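Okay, so here's the structure we're looking at.
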Amino acid sequence: MTGSVTPPTPPTNKLEITLTGYVLAAGIGLLMLPILPFLALLWVFQRIGGKDEPEHAGDA
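FYI, the numbering for the sequence shown is 1 to 60, going by UniProt numbering.
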């Protein structure tokens, strides 16, 4: 039993909070769109110039 004075409220799904989260995620996604070509170039350069096997500190 909790020490709260107010009666417990049942869990509800808050539509406003959910929509706010989706709007924020979409905004962040739109802001990151201009960065995607640079990330793709970095990935391509890593694939071309990188080694086939990643180095591990324990491999000696």
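C-beta: ideal position from N, C-alpha, C; glycine also.
Just so it is clear, the structure is predicted and the values come from calculations on it, not from any experiment.
Residue range of the unbroken alpha helix (DSSP H) whose run includes residue i
{"i": "V23", "result": "L15 to M32"}
{"i": "G49", "result": "L36 to G49"}
Contacts around residue i, its chain only, beta-carbon distance under 7 Å, and the 5 residues preceding and following it disregarded
{"i": "G21", "result": "none"}
Residue i CB to nearest heavy atom of the ligand SAH below 7 Å
{"i": "Y22", "result": "Looking for the ligand SAH in the displayed structure turns up nothing, as the structure carries no ligands at all."}
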